[in-house]
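A.B. asks: Residue numbers (my numbering), protein chains in the order written: chain A, 124 to 389; chain B, 484 to 1075; chain C, 418 to 656.
Beta carbons are placed, not taken as given, at the ideal position from N, Cα and C, and that holds for glycine.
Pasting in a structure now, in structure tokens, and then I'll have a few things to ask.
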Amino acid sequence: MGKFFAIVLTVITLVSASIFAMHIWWMPVDISVHGPALDKQFGETLMGTGFGFLVAQLSLAYFLWKFADKGDGRKVREFPGGPKVTIITAVVLVGLEILALSFVGQKAWASVNLDPAPPNAMHIDVQAEQFAFYFRYAGPDGQFGAVHPEKISDGNGNYFGLDPENDIPARDDIVVGSLTIPVNQPILLTIHSKDVGHSFYVRELRIQQDFVPGIVIPVHFTATQTGKFEIVCTQLCGLGHYNMKAYLEVLPQDQFDQWLKAQAGQ
Amino acid sequence: MHDTSDQAAVHHHAPPKGFLWTHVFSLDHKVIGKQYYFLSLAAVVIGMVLSWIMRFHLAWAAAAIPGLQHLSQVGAPGGIITPEYYLSLLTLHGTLMVFFVLTTAPQAGFGNYFLPIQIGAEDMAFPRLNMLSFWVTFVGFVTLVSTLFISDGPPISGWTAYAPLSALGNDAGPGLGRGQILWVISIGIFCIGSLLGALNFIATTLDLRCKGMTLARMPYTVWAWFITAVLGLLAFAVLLPACVLLVLDHVGGTSFFIPGGLVLSDKLQPHSGGSTLLWQHMFWFFGHPEVYIAIIPGIGITSHILASTARKPLLGGSRVLVGCMVAIAFLSFTVWGHHMFISGMNPFSSLLFSVPTLIITIPASIISLNWIATVFGARLRFHTPGLFAIGFISVFVTGGLSGFFLAQPSLDIYLHATYFVVGHFHMVMGVAAIFGMFAGTYFWFPKMFGRMMNETMGKIHFWVTFIGVYCIFMPMHYIGLAGNVRRYSAFVDDYLIPLIPVHKFITIAAFVTGAAQLLFLFNLFWSMYRGKKAEENPWDSTTLEWTIPSPPPFDNFGGRHPIVYHDPYELGVEGAKGDYVMQDSPEKLAQS
Amino acid sequence: MRSGYFTALAVAVLLGSGMLVFAKPPAGSGSITGKVTYTGTPPKMKPIDMSKEPSCAKQHATPVMTQNVTTGPGNALQWVVVYISAGDEGSSAPSQGARYDQKGCEYLPHVLPMQVAQQLQIYNDDQTSHNIHPLSKTNPEWNKSQPPGSPPIDTKYDKAEFIPVKCNIHPWMHGYFAVLNTSHYAVSGEDGSFDIKGLPPGKYTVTAWQEQYPAQSQEVTISGSEAKTANFVFKVLPY
């Protein structure tokens, strides 16, 4: 039974680890400026934990193979060196790993969440609702209209609760259902929710940030590649959660300018 | 601390008469322990069936499940599951499993039955309180399950019930009115039951130990249950008021968790001034210790059984194990924010919460390494409880390692709310804890029911389950890494559609593994009546539960007052009869 | 399947008994026709961005527009419900149900008139799940999903009410159930015209309801099989 257990455990361990190592399922290619740091840190963590996984499971398997009770009256033996060895191993190895990760991680985290957006960042307002994202561009006047919750009406398309009758900056605000941005241009999103908690997740941008009702949260990033990507909701928000998405379209600057002009004309 | 002079006076109640008083409203800790166990068994069966329905739906979303419309005409018209019904099942699955299985069976079930026996007591310190805590928990269970049968169905906000989704009533979605209120009440009731139970466990451990049972001589399990009770006392004391506030937001017109200016379906909500993050802080202040409430009894049970399986005490003994468990318990109250890295709380605090989260892996690693090192030089007996105990080590290590990723805020940005998290917590908290329960069941069944469980069925159960859980939960890590978001009722995005074949594989693995659980259920009930008669000490173990008949008499020790002379795990002892010395054996050891 | 047969049987029985026992009140042959128009500047209807649901977006060559103030040539105002709000003796609900479709992530029709207690069947013709969330105030409110391929939702309303209907999964989807006490009603077409037929002689209050502007009423008396005209003019604002 011990040998069988050892074989099963070894097979499980090697198969599990090699699927990771072979990148059969992996993160999509990163398209953000801050992403490579996160990916690097992921790789380092995977190396560390992968090493721990292999050593722990394979030694367990080896011991299971070796130390079955054969009824031969063999004495039990203590692990050479006793608990000191395991304690020191755990403290040193895990401790070093933690120190390394904390320092690397802090930098990566800071670049996303602690550093302010560059001053030239393009500002886009994002609102989440059950179950869609809406994006607002300031329009030709460069100013956003104020949001009036009592004016919000999905029925007549006033998703943000604008008051164009009395609020002139609101008149030229561009409201669309997908996020179109220029490539290599810092983007600042101010994200807020009109009902419950949602989350803004773009895998390729390595960005995930909750929408918190009652709070406006800034998110900034720079996309380095053009293309069309999915923005999905990752915070359980109700029955339509699974289908709450929008598209992110990263365009070359000139195409973006054209697009924005066309939107403003409508 | 330990006092035995008035220990006999504790056993106030006489053996009861009549079915109602022996089996239903019993004050006997053993009956209450079994009641808790069977309550968990009912919960785990429901929870597992719900997971099968969900798994089927995730793999074949458009297919009808024949007959499901009879369970809920609204939730599954024509047998096709609606998105909200999926979320209802998900909520109920999580809540049942976390509260009524993981928190209940290993602690309140086995703990109730064996803690008094293992410390040489005749019952818990407060038998009436003990009965009350079970029946309170039972009412909580019935309240929760009843949501399946009300017209708007169970809530759809998940087991974490994040506000304001959980606080706004039916405007936020189906099941979030009455269903959500019943859910909150059920959890509130559960908190009361758990708090009463925790008090009882603490008092019993501190006051009712028999002569010679010093703290250092307490079995690993007793330490685990004691530490878990302290955790429960502190954690449920926070969840209970959180539940009260959430109910008030529904029925009292308050706005604890609801900020102003929210608009749902074009309706401006009459609330203002609340904080949605407040719920998350309160919930996770409970929720993270809760993870350890679920797993520490499993750690204790595994260590207890591993010693008997390996014929030697754990490397480092009680001192290292207990030290690590205490460290984990303490740290568990400082890490709740790692569930909230991307929640919009101050990003500086994420860094702060990340450090203790990473540090908590040190005591967990020490325990794991000690288990593995204990297997070195052992004389392993591969009976079913031993297999599950060893299996526990493997899944605990696997599940724990993925925690390294999630503990880092910068990696959590990508991995948060993906199946990577689902794989992680199912492996380390769900599967590991359930392996602990299986190990405990196979190990203690002879004591509880006086018969042995069938070993052949037990071994088939183990092998299918062990391989099965890796087939179910490892792929979840892979698709999580690929960016598969959790809590989706169907995968309709272009990005996720290519991952559906993996979901099909997981679903099939879940069904095969599920079939093995049916075999376990059959074995359990079959062995209760047809199993081989059990001896007093079938596993050659040393602790006090193996010094009394199987099943034990009403007052455990038959009027005898046990006296403890030895450490709990004098196994692999040379010169002893067999290879072990019972804890209450007056026999002197050559060297101890 | 079984419930399908049962429904069919029940409908047949109801039909039969309706013809035998509750013979309809003598249908009149008077009628009221007219046109609904607006004065002022109507708000600009906005194009609906359906990009989040590609299976719907590709069904529309040009973007669907919002419909809350739908105008036509000659200042016509569409989607106005014109109905007899007083003077009608009332009649039992017709056996034929009202049908509401969700197609291309739009509600068809935008405004669905029906009688109190009339059966209402809601169909999902799309390849995506919709949730139907009628925001009723006097009738009980409900909110149900309808996955593709699931049977139609069969329901009815017991009280007269104009009920906004929305889909949360596709927030732009927006329509109305006009639940009326009378069997005499019409909805203005693209040219703003309406035609209420089969009126017995009597004195009636005719009301025109539009989703965004206050309702208007006129008194109309019909003798014999008269054909009367009643026109309604709504004052609209650009915002």
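#1: Report the residue from B/C693, B/V803 and B/P892 whose alpha carbon sits nearest the alpha carbon of B/T840.
#2: Could I get the ranges of all uninterrupted alpha helix (DSSP H) runs contained in the region 919-973 of chain B, with 4 residues as the minimum, in chain order?
#3: Using the DSSP secondary-structure output, state which residues sit across from B/R864 in a beta bridge.
#4: Within 10 angstroms of its Cβ, does B/G1058 collect 16 or more other Cβ (buried), or is it exposed?
#5: Any beta carbon from chain A within less than 9 angstroms of B/A993's own beta carbon?
#6: What residue range is occupied by the uninterrupted beta strand (DSSP E) comprising C/V453?
#7: Using only the alpha-carbon positions, how far apart do C/C473 and C/N548 sit?
#8: Pop quiz: B/A847 and B/L729 are said to be a contact at Cβ under 8 angstroms. What is the actual Cβ separation, rounded to whole angstroms?
#9: What separation, rounded to the nearest whole angstrom, lies between the Cα atoms of B/G603 and B/F994?
#10: Look at A/L349 and A/P309 and say whether their C-beta atoms are less than 9 angstroms apart.
#11: Between C/D608, C/L537 and C/V486, which lies nearest to C/Q627 when the distance is taken from Cα to Cα?
#12: Does the region 613-632 of chain B come close enough to the region 220-239 of chain A to have 3 or more Cβ pairs within less than 8 angstroms?
#13: Using a cut-off of 7 angstroms between C-beta atoms, extract the partners of C/G566 located in chain B.
#14: Cα separation between B/M936 and B/H822?
#15: What does A/R197 reach in chain B if we use C-beta pairs closer than 8 angstroms?
#16: Here's the rule I'm using: 16 or more other beta-carbon atoms within 10 Å means buried, otherwise exposed. How should B/F521 be labelled?
#17: Roughly how many angstroms separate the alpha carbons of A/I135 and B/V803, rounded to a whole number?
#18: Do you know offhand how far C/N541's Cα is from C/S509's?
#19: According to DSSP, is B/T626 helix, strand or coil?
#20: Helix, strand or coil for C/P442 per DSSP?
#21: Which one of A/H364, A/A346 and A/A369 has the shortest CA to CA distance from A/D153?
#22: Is the Cβ of A/I154 closer than 9 angstroms to any Cβ of chain B?
#23: Which residue marks the beginning of the alpha helix (DSSP H) containing A/L312, and which one marks its end?
#24: Do A/Q266 and A/K317 have their CB atoms nearer than 9 angstroms?
#25: For C/N585, return the contacting residues in chain B, with the cut-off set at a CB-CB distance below 7 angstroms.
#26: Taking Cβ-Cβ distances shorter than 7 angstroms, what residues in chain C pair up with B/V557?
#27: Per the contact definition of three or more C-beta pairs closer than 8 angstroms, is the region 756-768 of chain B in contact with the region 707-726 of chain B?
#28: Taking 9 angstroms as the threshold (C-beta atoms), are B/A922 and B/P1080 in contact?
#29: Ignore the nearest five residues each way along the sequence and tell me which others in A/N386's own chain have a CB closer than 6 angstroms to its CB.
#30: I'd like to know if C/D518 contacts chain A, where contact means its C-beta is closer than 9 angstroms to some C-beta of that chain.
#31: Name, going along the chain, the residues of the region 863-880 of chain B whose beta-carbon falls closer than 8 angstroms to a beta-carbon of chain A.
#32: Thinking C-alpha only, which one of C/P511, C/Q484 and C/P530 is nearest C/Y517?
#33: For A/I147 and C/P526, what's the separation of their Cα atoms in angstroms?
#34: I'd like the ranges of any alpha helix (DSSP H) spanning at least 4 consecutive residues and lying wholly in the region 128-199 of chain A.
#35: Just the Cα atoms here: how many angstroms apart are A/K163 and B/T881?
#36: Which whole-angstrom value is the C-beta distance of B/E938 and A/L362, which I expect to be below 8 angstroms?
C.D. replies: With the structure as the only source:
#1: Comparing Cα-Cα distances from B/T840 to each of B/C693, B/V803 and B/P892, the minimum goes to B/P892.
#2: Entirely contained in the region 919-973 of chain B, the alpha helix (DSSP H) runs reaching 4 residues are, in chain order, 938-964.
#3: According to DSSP, B/R864 bridges with nothing at all.
#4: When all chains shown are included, B/G1058 counts as exposed.
#5: B/A993 does not count as touching chain A.
#6: That run of the beta strand (DSSP E) goes G447 to G457.
#7: Taking the straight line joining both Cα atoms gives about 15 angstroms.
#8: Incorrect: roughly 32 angstroms between the Cβ atoms, too far for contact.
#9: Their Cα atoms are separated by approximately 43 angstroms.
#10: One detail in the question is off: residue 349 of chain A reads as Thr in this sequence, not Leu. A/P309 is positioned such that its CB atom lies no closer than 9 angstroms to that of A/T349.
#11: Of the listed residues, the one whose Cα sits closest to C/Q627 is C/V486.
#12: Contact check between the region 613-632 of chain B and the region 220-239 of chain A: fewer than three CB pairs, one atom from each, fall below 8 angstroms, which does not count as touching.
#13: In chain order, A545 and I563 make up the part of chain B whose C-beta sits under 7 angstroms from the C-beta of C/G566.
#14: Roughly 40 angstroms separates the two Cα atoms.
#15: Listed along chain B, the residues sitting closer than 8 angstroms to A/R197 by beta-carbon distance are R862.
#16: With fewer than 16 other Cβ atoms within 10 Å, it is exposed.
#17: Rounded to the nearest angstrom, the two C-alpha atoms are 30 angstroms apart.
#18: Rounded to the nearest whole angstrom, the CA to CA distance from C/N541 to C/S509 is 28 angstroms.
#19: Secondary structure at B/T626: helix, using DSSP grouped into helix, strand and coil.
#20: At C/P442, the pLDDT of 48 sits below 50, so the modelled position is not reliable; the number obtained from the coordinates is stated separately. C/P442: coil per DSSP, three-state reduction.
#21: When each option's Cα is compared against that of A/D153, the closest is A/A346.
#22: Not closer than 9 angstroms to any Cβ of chain B, the Cβ of A/I154 fails to qualify, so no.
#23: For A/L312, there is no enclosing alpha helix (DSSP H); the residue is found in the beta strand (DSSP E) stretching over P309 to S316.
#24: No. Outside cutoff.
#25: In chain order: S748.
#26: Those within 7 angstroms of B/V557 in chain C are K561.
#27: Of all C-beta pairs linking the region 707-726 of chain B to the region 756-768 of chain B, three or more are shorter than 8 angstroms, placing the two stretches in contact.
#28: Look at the range of chain B in this structure, 484 to 1075, and you will see that residue 1080 of chain B is not part of it.
#29: Position check: residue 386 of chain A holds Gln in this sequence, whereas Asn was assumed. For A/Q386, same chain residues with a beta-carbon under 6 angstroms away, outside a window of 5 residues either side, are I297 in chain order.
#30: Under the Cβ distance rule, C/D518 does not count among the residues neighbouring chain A, no pair being separated by less than 9 angstroms.
#31: Answer set for the region 863-880 of chain B: L863, R864, F865, L870, I873, I876, S877 and V880.
#32: Selected option, being the one with the closest Cα: C/P530.
#33: Distance between the alpha carbons of A/I147 and C/P526: 48 angstroms.
#34: Here the runs fully enclosed are 158-189.
#35: A direct Cα-to-Cα measurement between A/K163 and B/T881 gives close to 22 angstroms.
#36: Going by Cβ atoms, the distance from B/E938 to A/L362 rounds to 47 angstroms, so no, they are not a contact pair.
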